[in-house]
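S.K.:
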Amino acid sequence: MAVILMSVSVNAVLFHATLAPAGIGPGLGLLVLNILALIGYKDRYKDLLRP
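My numbering numbers the first residue of the sequence shown as -14 and each following residue consecutively.
#1: Taking Cβ positions, are Gly10 and Val(-2) nearer each other than 8 Å?
#2: Run the CB neighbour count on Ser75, radius 10 Å, all protein chains shown included, and call it buried at 16 or more, exposed below.
#3: Mind checking which residues open and close the alpha helix (DSSP H) that includes Leu34?
#4: Going by other Cβ atoms of all chains shown within 10 Å of its Cβ, with 16 needed for buried, is Asn(-4) buried or exposed?
Here it is, written out as structure tokens:
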């Protein structure tokens, strides 16, 4: 689920960085939380993220 939410949070940050920079806060917060979730459960996502 964190992998799917990562694409949503990256899109939100990119949208706000380019088109609406005033509202980037929640998008950045979501991205940080998503990165922390991926780091916390990296052993479960190791097979997905392996080249």
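For each residue, glycine too, the CB sits at the ideal point set by N, CA and C.
Note that this is a predicted model, so its numbers are computed, not measured.
M.R.: Here's the rundown:
#1: By the CB criterion at 8 Å, Gly10 and Val(-2) fall outside the cutoff.
#2: Nothing can be reported for residue 75, as the shown portion of the chain is limited to -14 through 36.
#3: Element bounds for Leu34: 27 to 34.
#4: Around the beta carbon of Asn(-4), a 10 Å sphere encloses fewer than 16 other beta carbons of the protein chains shown; the residue is thus reported as exposed.
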